[in-house]
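To keep things clear, I will list the structure first and then write my remarks on it.
Number of protein chains: 2
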Amino acid sequence: MQFQGLIQHLSSFQKLNETEINSLLAFVKERKIKRRQFLLTEGEICKQYTFIIEGCFKMYKIDNKGQEHNLQFSIENEWISDIGSFHDNTPSGLYIEALEKGTILQIEKNDLLYLYTHFPKFDRYFRVLVENAFINLQKRVLQNISDTAEERYLKFTEENPALLNRISNVQIASYIGITPEFLSKIRKNILHK
Amino acid sequence: MQFQGLIQHLSSFQKLNETEINSLLAFVKERKIKRRQFLLTEGEICKQYTFIIEGCFKMYKIDNKGQEHNLQFSIENEWISDIGSFHDNTPSGLYIEALEKGTILQIEKNDLLYLYTHFPKFDRYFRVLVENAFINLQKRVLQNISDTAEERYLKFTEENPALLNRISNVQIASYIGITPEFLSKIRKNILHK
DNA sequence: AAAAAAACTTAAGATAGATTAAGAATGAAG
DNA sequence: CTTCATTCTTAATCTATCTTAAGTTTTTTT
């Protein structure tokens, strides 16, 4: 079994007792995922929270011109899901796709709600998780509205060293909101300094 | 006293009992705020969560060229604070400023933590609040990386009708990440269609 | 190992958006 | 009610970024 990563992640926020751990593990299911496999596609309702044991995933939308726009990358010991679709039971506008083969744990909505109700610690755990994700998104919005593309690229490389050797520049360009060609120009520019 | 708005807001998520309501109200303090008054400035640690009874506020950063960039507007029955600074006890990089005179309620960090610990409902309430704010921020990031300035402006007007008569186009331009001059051009363009 | 697909780069020309500057209109404050 | 400050607009010029297209390199799949 590969539950240590998840338990450790939860425990880093607050101590869990036996009952809490066992309840969680009773609900969580392990899945092997192939490269290019989808965890979610547009139009589906997001019915699970996904915790990544191993692998690298992207969450993105496709615009009316067929272009992909990356909202998020996630790797080992991180959660990924379309929270909006999950909570409102509405069809997602997003895709979640594996960039590498990997292994995940998933928990169904009803089971998560059960945990929320019976063990307040889970409410708190996910509140803190979302708070942290929220803080990071705020920084990203500020960057988007105030920084140039070159500044956004440099900050991305500084803040995501673990991703650099795992994803292509095409993916990074899509994440910071520019074309791959322009990113190429930016990288050339940086080299010549 | 002006606590109805807050109680109502909380109750719309889940029923509160007497004890919970009283505990909350014991901690919450009312303040009158003048136009142009600051609730937070750069370098300060954000020590309160603020609930707006009446008024309109903006939260923004100032970049190294002295330019303002609006992260958020908030009005009646909404919360505003720098969650990052609040939770990590780190100096904020943001300003919160009143665009109109108004009235607010504030709760101190220690008191909020007390509520979290003693009444799980508050954990849940703030988890759901942050989740909703997070979902909206995700939409904004996707807009920033995939839509043109004109599309962002049009969506802003559609999604924030209540703000339109209260804030200037200068503020809107700063929020969607363009100059006021270019927004002027966009508005002219829209008229000529 | 070969074939196919995806990623990366370069460059020319096009467009979105910034900058500067100035004048007119609106709103705030004494 | 009047003065001062801010907002809004316009236009010319400049710059960042996109588009298209092509060629090269790297990675994935067979």
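Chains as they are written, first to last, in the numbering used here: chain A, 77 to 269; chain B, 77 to 269.
Don't be surprised by glycine CBs; every beta carbon is placed ideally from N, CA and C.
Any non-hydrogen atom of the ligand SAH closer than 6 Å to residue i Cβ
{"i": "Ser87 of chain A", "result": "Although the ligand SAH was asked about, the structure shown includes no ligands whatsoever."}
Contact under 7 Å by Cβ, residue i with residue j
{"i": "Gly178 of chain A", "j": "Ile83 of chain A", "result": "no"}
{"i": "Leu170 of chain A", "j": "Lys134 of chain A", "result": "no"}
{"i": "Phe210 of chain B", "j": "Val217 of chain A", "result": "no"}
{"i": "Glu176 of chain B", "j": "Cys132 of chain B", "result": "yes"}
{"i": "Asn140 of chain B", "j": "Ser250 of chain B", "result": "no"}
{"i": "Glu184 of chain A", "j": "Gln124 of chain A", "result": "yes"}
{"i": "Phe202 of chain B", "j": "Glu96 of chain B", "result": "no"}
{"i": "Ser161 of chain A", "j": "Cys122 of chain A", "result": "yes"}
{"i": "Thr126 of chain B", "j": "Gln182 of chain B", "result": "yes"}
{"i": "Arg228 of chain A", "j": "Ile252 of chain A", "result": "yes"}
{"i": "Ile254 of chain B", "j": "Ala225 of chain B", "result": "yes"}
{"i": "Ile287 of chain A", "j": "Ile180 of chain A", "result": "Since the first residue of chain A shown is 77 and the last is 269, residue 287 of chain A is not available in this structure."}
{"i": "Asn245 of chain A", "j": "Leu259 of chain A", "result": "yes"}
{"i": "Ser168 of chain A", "j": "Glu130 of chain A", "result": "no"}
{"i": "Asp223 of chain A", "j": "Arg200 of chain B", "result": "no"}
{"i": "Leu213 of chain B", "j": "Leu213 of chain A", "result": "yes"}
Neighbour-count burial assignment, residue i, 16 or more Cβ in a 10 Å radius
{"i": "Ala238 of chain A", "result": "exposed"}
{"i": "Asn220 of chain B", "result": "buried"}
{"i": "His268 of chain B", "result": "exposed"}
{"i": "Asp158 of chain B", "result": "buried"}
{"i": "Ile266 of chain A", "result": "exposed"}
{"i": "Thr166 of chain B", "result": "exposed"}
{"i": "Lys264 of chain B", "result": "exposed"}
{"i": "Asp164 of chain B", "result": "exposed"}
{"i": "Lys91 of chain A", "result": "exposed"}
{"i": "Gln78 of chain B", "result": "exposed"}
{"i": "Gln143 of chain A", "result": "exposed"}
Residue i, enclosing beta strand (DSSP E) - first and last residue
{"i": "Arg242 of chain A", "result": "Per DSSP, Arg242 of chain A belongs to no beta strand (DSSP E) and is neither H nor E."}
{"i": "Gln124 of chain B", "result": "Gln124 to Glu130"}
{"i": "Gly178 of chain B", "result": "Gly178 to Glu184"}
{"i": "Ile172 of chain B", "result": "Tyr171 to Ala174"}
{"i": "Asn146 of chain A", "result": "Glu144 to Ser150"}
Enclosing alpha helix (DSSP H) for residue i [first to last residue]
{"i": "Ser87 of chain B", "result": "Gln80 to Ser87"}
{"i": "Phe133 of chain A", "result": "No alpha helix (DSSP H) contains Phe133 of chain A, which is instead part of the beta strand (DSSP E) from Phe133 to Ile138."}
{"i": "Lys108 of chain A", "result": "Looking at the DSSP string, Lys108 of chain A is not in any alpha helix (DSSP H); the run it does join, the beta strand (DSSP E), is Lys105 to Ile109."}
{"i": "Glu235 of chain A", "result": "Ala225 to Glu235"}
{"i": "Gln90 of chain B", "result": "Per DSSP, Gln90 of chain B belongs to no alpha helix (DSSP H) and is neither H nor E."}
{"i": "Phe210 of chain B", "result": "Pro196 to Ser222"}
{"i": "Leu116 of chain B", "result": "Not the alpha helix (DSSP H): Leu116 of chain B falls in the beta strand (DSSP E), residues Phe114 to Leu116."}
{"i": "His163 of chain B", "result": "Ile159 to Asp164"}
{"i": "Leu267 of chain A", "result": "Pro256 to Leu267"}
Short-range partners of chain B found in the region 159–174 of chain A, where Cβ spacing is below 8 Å: Ile159, Gly160 and His163
Contact residues within the region 196–209 of chain A, judged by C-beta distance below 7 Å to chain B: Pro196, Asp199, Arg200, Phe202, Arg203, Val206, Glu207 and Ala209
Residues of the region 220–235 of chain B with Cβ closer than 7 Å to any Cβ of chain A, in chain order: Asn220, Ile221 and Ser222
Contact between the region 103–120 of chain B and the region 147–154 of chain B (3+ Cβ pairs under 8 Å): no
Sufficient close CB pairs (3 or more, under 8 Å) joining the region 95–107 of chain A to the region 185–192 of chain A: yes
Members of the region 130–144 of chain B near chain A, C-beta cut-off 8 Å: Lys137, Asp139 and Gln143
Against chain B: residues of the region 239–256 of chain A by CB proximity under 8 Å: Ser250, Tyr251, Ile252 and Gly253
Residues in the region 102–127 of chain B having any Cβ partner in chain A nearer than 8 Å: none
Residues, ordered as in the chain, of the region 86–100 of chain A that lie near chain B by beta-carbon distance below 8 Å: none
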